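Here the structure is laid out as structure tokens; the discussion comes afterwards.
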Amino acid sequence: MKGVTMTLSRKNTIRTVLVFAAMAVLFVCAAVWNISIGSVKISFGQIFQILTHPDTVDMTAYNIIFKIRLPRLLLAAVLGGALSLSGFLLQTFFRNPIAGPFVLGISSGAKMFLAIVLIALSQRVSSVSVGVTVLTAFLGSMLSMLVVLAFAGKIKNMSVLLVVGIMISYICSAVTDFFINFANDSDIVNLTHWSHGSFSAASWQDVAVSAAIVLTTALAVFCLSKPISVYALGEGYAGSLGIRIKPLRIALILFSSVLSACVTAFAGPISFVGIAVPHIARTVLKTSKPILLIPACFFGGAVFCMLCDLAARTIFAPVELSISTVTAAIGAPIVIWLMMQRRVKHSEN
Amino acid sequence: MKTEKQRLSKMALDNLSVGYHKKALIEDISFSLQPGEILTLIGPNGAGKSTILKSISKQLAAISGVVMIDGHDMQAMRSKDIARKMAVMLTNRTRPELMSCTELVSAGRYPYTGGFGLLTENDKRIVEQAIATVHAQSFADALVSEISDGQLQRILLARALCQEPEIIVLDEPTSYLDVKYKIELLEILRSMAKTKHITVVMSLHEIDLAEKVSDKIVCVKGDHIADYGAPHEIFTDEKISALYDLETGAFSALFGSVELAKPQGKARCFVIGGNGYGIPFYRVLQKEGIAFSAGILAENDVDYSVARALAQTVIAAAAFSVFGEEQIKAAKAQIDAVEVIVHAGCPVADINRANTLLLEYAQKSGKTILSNLEELTEMRL
Chain D
1 MKGVTMTLSR KNTIRTVLVF AAMAVLFVCA AVWNISIGSV KISFGQIFQI LTHPDTVDMT
61 AYNIIFKIRL PRLLLAAVLG GALSLSGFLL QTFFRNPIAG PFVLGISSGA KMFLAIVLIA
121 LSQRVSSVSV GVTVLTAFLG SMLSMLVVLA FAGKIKNMSV LLVVGIMISY ICSAVTDFFI
181 NFANDSDIVN LTHWSHGSFS AASWQDVAVS AAIVLTTALA VFCLSKPISV YALGEGYAGS
241 LGIRIKPLRI ALILFSSVLS ACVTAFAGPI SFVGIAVPHI ARTVLKTSKP ILLIPACFFG
301 GAVFCMLCDL AARTIFAPVE LSISTVTAAI GAPIVIWLMM QRRVKHSEN
Chain L
350 MKTEKQRLSK MALDNLSVGY HKKALIEDIS FSLQPGEILT LIGPNGAGKS TILKSISKQL
410 AAISGVVMID GHDMQAMRSK DIARKMAVML TNRTRPELMS CTELVSAGRY PYTGGFGLLT
470 ENDKRIVEQA IATVHAQSFA DALVSEISDG QLQRILLARA LCQEPEIIVL DEPTSYLDVK
530 YKIELLEILR SMAKTKHITV VMSLHEIDLA EKVSDKIVCV KGDHIADYGA PHEIFTDEKI
590 SALYDLETGA FSALFGSVEL AKPQGKARCF VIGGNGYGIP FYRVLQKEGI AFSAGILAEN
650 DVDYSVARAL AQTVIAAAAF SVFGEEQIKA AKAQIDAVEV IVHAGCPVAD INRANTLLLE
710 YAQKSGKTIL SNLEELTEMR L
């Protein structure tokens, strides 16, 4: 008996190591591809040369890498991780794998709030600081989260809650479009682009601010691995094991909002990453242990968004797709599949 | 005000009122338990057994009154400290996805592990032991979402065990279990109480098992505690029938079992039984819905307690005394009133010699006499 459990736990360890190693390899590949591929091709040799002897190469390639592609790929990585983790936290909160900031309407709510505030401010001041943008997005995120929670208090059925979330999403997008129609010409270009989600126009400042917020929050979430692991058993058991439920629930909601707000502020709403990546992470790791899933979701989200952004930039180049077009094409089928699976399970029971 | 007894007890409830939304459902609950005692809550569905258990385990705030553990008010204790003293097993059956049984059991070590919940060798040993105690080794590696309800129930017990509690609170732990595991679960609890002095508070639906496993019984009925005491004080025909609103006689304290409803109407058949021979016939008649009378039975005969629950009339004689003229006369009156007589085949000796007379009397009166179950079912009275 002991022998069997030993080999099983060793098998799990091997699996974990393999998954994280694969993720590291993919991360490096995605980074290199993102730097190399584009309207101007930069060969691997050139990249190597720029990294080792920056003074000997021509400035165009140098600028493309350091002013455009590198900040963009880093932003995609940080925000991808944030989105995925935000979804994981909501799934923990609702004890349901089909929860995420986008499908519950939280991203679109934050987007609407942010768009209205930005348009209102642009009439008065010439430029809006990053801090204000992030804070506004966070407020918008929290507000829409509260709306969702109010509905969740009344609707116990997750499928119905999702329908409500999608409706909220549509209403918020309609309102956002309405306000954009009345904005100044100069604002419109940026807002329209942003309101559909994009990593383009990423600056080093964006990367620095978002990385600071996201990495701190992600670390805090990782420190909650232990209580989260027991929260899955239900509140009765979690409480009896000494967890203070209310602070934990507040932390889950707060951290999830901070993460999705950060994404909304810097890249606009991005769909389905929050569901797709945690689901893939669970499936390949075959575990529910948060201590493994939290880092896996974060790095998985980073890799996923880097690859999706690469696809968005290159598939129909020079036309650039919005990032949500790509993430939805991959993520939506996963959500449908998940819902079907749960249906089947329910009817079996 | 703490009494001396409460100060020494493992767990004590003092004038506890429990309920939801600040409205008391059950008031004035008081009892105290010594280490190693088993207390069982019994009572009809919806009587509030779960509400009391939830309040004891601090999942539900008490409306008034206190729950004390080792003489300390539980309300003032840190939840971390409570977790090391008390484990629960609930009726809520969330099955987390992709979690193995061993992982679920390991959750019981939560109050003892460090900041990231990593298990030490000692923790792993305790988890393994708990799994062995409930005989769950064969499915320890299976996912929680794949096992049967009964298996899950045993895993949940193992989880509670490996929390190494001093008090264990269980809400209907025997549900979903077949009779073998029901007995096994209660034996595990009994031996934990005996050897590790763990105090057990639980609710049970099986009153026969409650009687056998408990040291103390609390009868919960609607808004109050109907009774509190040792099993032999509680398990009387009258108290149990009143608690569950049963007809008199439906519960037999002697067997700790219940009988289905008595067939209604005028008796259409008379059963001459005794010494257990009558019981199969009573049961067939009950299932067919045929009202009947029975006799002559001694009051200490096994047939008597079943007949009392199922027959319209029972002609009975005092324990260990010879059936006399009075009973024979009453029995003949019953025979006159029906067309069919059942001769259950009980051997006759000194005390019940009168039953032979009754049989002869019936033959003389030209009644139909049946002596096996098939004939009785085919008769379609």
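Quick mapping for you: the protein sequence lines, in order, are chains D and L.
Each residue of the first sequence is one higher than the last, beginning at 1 in my numbering.
Each residue of the second sequence is one higher than the last, beginning at 350 in my numbering.
For glycine and all other residues, C-beta sits at the position ideal for the given N, C-alpha and C.
All values derive from a computational prediction rather than experimental measurement.
In the DSSP output, which residue or residues are listed as bridge partners for residue i?
i	result
L719 (chain L)	L:V691
C565 (chain L)	With the sequence shown as reference, residue 565 (chain L) is identified as Lys, and Cys is not the correct amino acid for it. Answer is L:L388, bridged to K565 (chain L).
K11 (chain D)	For K11 (chain D), which the question treats as bridged, DSSP gives no partner whatsoever.
H421 (chain L)	L:I418
H573 (chain L)	L:K570
With 9 Å as the threshold, decide whether the Cβ of residue i is near any Cβ in chain D.
i	result
K407 (chain L)	yes
L603 (chain L)	no
L558 (chain L)	no
K351 (chain L)	Low per-residue confidence applies at K351 (chain L): pLDDT is 49, beneath 50, and the placement is therefore not dependable, though the value from the model is reported in the following sentence. Not one chain D Cβ lies under 9 Å of K351 (chain L).
N430 (chain L)	Going by the sequence as given, residue 430 (chain L) is Asp instead of Asn. With 9 Å as the cut-off, D430 (chain L) counts as an interface residue toward chain D.
V437 (chain L)	yes
K359 (chain L)	no
N441 (chain L)	yes
K371 (chain L)	no
L510 (chain L)	no
K403 (chain L)	yes
T462 (chain L)	yes
E688 (chain L)	no
Y459 (chain L)	yes
A456 (chain L)	yes
R322 (chain L)	Because residue 322 (chain L) is not part of the residues shown, which for chain L are 350 to 730, the question remains open.
Within 10 angstroms of its Cβ, does residue i collect 16 or more other Cβ (buried), or is it exposed?
i	result
M59 (chain D)	exposed
L609 (chain L)	exposed
A665 (chain L)	buried
M551 (chain L)	buried
V258 (chain D)	buried
A711 (chain L)	buried
D520 (chain L)	buried
M541 (chain L)	buried
Y459 (chain L)	buried
S413 (chain L)	exposed
Q613 (chain L)	exposed
C511 (chain L)	buried
T264 (chain D)	buried
V277 (chain D)	buried
How is residue i classed by DSSP in three states: helix, strand or coil?
i	result
G3 (chain D)	Low confidence applies here, because G3 (chain D) scores a pLDDT of 45, under 50, leaving its location unreliable and the question unanswered by this model.
H279 (chain D)	helix
E426 (chain L)	Contrary to the premise, residue 426 (chain L) reads as Met rather than Glu in this sequence. In the structure shown, M426 (chain L) sits in coil (DSSP, three-state: anything other than H, G, I, E or B).
E376 (chain L)	strand
H581 (chain L)	helix
V326 (chain D)	helix
V40 (chain D)	coil
N649 (chain L)	coil
C618 (chain L)	strand
D594 (chain L)	coil
I547 (chain L)	coil
F199 (chain D)	coil
Q355 (chain L)	Since pLDDT at Q355 (chain L) reaches only 49, below the 50 mark, its modelled position is unreliable, and no value is offered.
N349 (chain D)	Because N349 (chain D) sits at a pLDDT of 42, beneath the cut-off of 50, its placement in the model cannot be relied upon, and the point is left open.
Could you check whether the Cβ of residue i sits closer than 9 Å to any Cβ belonging to chain L?
i	result
C297 (chain D)	no
V230 (chain D)	yes
E348 (chain D)	A caution first: E348 (chain D) carries a pLDDT of 47, below 50, which makes its placement in the model unreliable, though a value can still be read off. For E348 (chain D), the answer is no, since every Cβ of chain L falls outside 9 Å of its Cβ.
M1 (chain D)	Note on M1 (chain D): pLDDT 42, under 50, position unreliable in the model; no value is reported.
T287 (chain D)	yes
G331 (chain D)	no
Looking at the ligand SAM, does it come within less than 8 Å of residue i, judged from the CB to the closest heavy atom?
i	result
L706 (chain L)	With respect to small molecules bound, the structure shown includes none, and the ligand SAM cannot be examined in it.
Identify which residue in the options has its Cα closest to the Cα of residue i.
i	options	result
I690 (chain L)	L:S714, L:T482, L:E675 and L:S670	L:S714
G81 (chain D)	D:F304, D:V230 and D:D309	D:F304
L162 (chain D)	D:M23, D:A251 and D:I98	D:I98
M112 (chain D)	D:I250, D:L338, D:T176 and D:I42	D:T176
G87 (chain D)	D:I270, D:I323, D:R313 and D:D309	D:I270
L79 (chain D)	D:G301, D:I243 and D:N34	D:G301
A559 (chain L)	L:P522, L:D594, L:G571 and L:I574	L:P522
F178 (chain D)	D:A328, D:I116 and D:A261	D:I116
L285 (chain D)	L:L447, L:S455 and L:F600	L:L447
P290 (chain D)	L:N394, L:D699, L:G466 and L:D422	L:G466
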